[in-house]
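**Student:**
Numbering (our numbering), first residue to last: 80 to 177.
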């Protein structure tokens with residue numbers, strides 16, 4: 080399984096840094112992953128659903144630590160590129176609004 084596309088949607092919140100959509104093998108999409116600023120640095124939170132008791136349950140998640148680490152590496156690398164692109168656009172005064 081390969082992550083064939085990563086789309087990052089930065090947000091301006093305290094701990095939540097971005098929403099992410101990934102595509103696996105050009106044929107399966109997973110939406111609503113989150114880039115979170117934790118006490119130990121950035122990490123990826125899997126899409127989750129709030130249960131009736133107020134807790135959250137992951138909707139989709141890796142089954143082993145190797146897959147989780149690989150996903151985090153690919154997603155956080157793309158997140159850093161997106162942040163750098165945004166900083167570059169702000170410093171040059173360009174944006175998508177034209």
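All C-beta atoms in this analysis are idealised placements derived from N, C-alpha and C, irrespective of residue type, glycine included.
Would you mind reading off the limits of the beta strand (DSSP E) that contains residue 104?
**Tutor:** Unbroken run through residue 104: none, as it is neither H nor E.
**Student:** Leaving out five residues before and five after residue 118 in sequence, what residues of the same chain have Cβ atoms less than 7 angstroms from its Cβ?
**Tutor:** Cβ within range, chain order: n/a, list empty.
**Student:** Going along the chain, which residues of its own chain have a beta-carbon closer than 6 angstroms to the beta-carbon of residue 122, five neighbours each way excluded?
**Tutor:** If we look at residue 122 and ignore the five residues flanking it on each side, its Cβ neighbours are 115.
**Student:** Rounded to the nearest angstrom, what separates residue 105 and residue 86 at their Cα positions?
**Tutor:** Each residue's alpha carbon lies about 13 angstroms from the other.
**Student:** For residue 179, I'd like the list of residues in its chain whose CB is within less than 8 angstroms of its CB, leaving aside the five on either flank, ordered along the chain.
**Tutor:** The shown model of the chain, from 80 to 177, leaves out residue 179, and the question about it has no answer.
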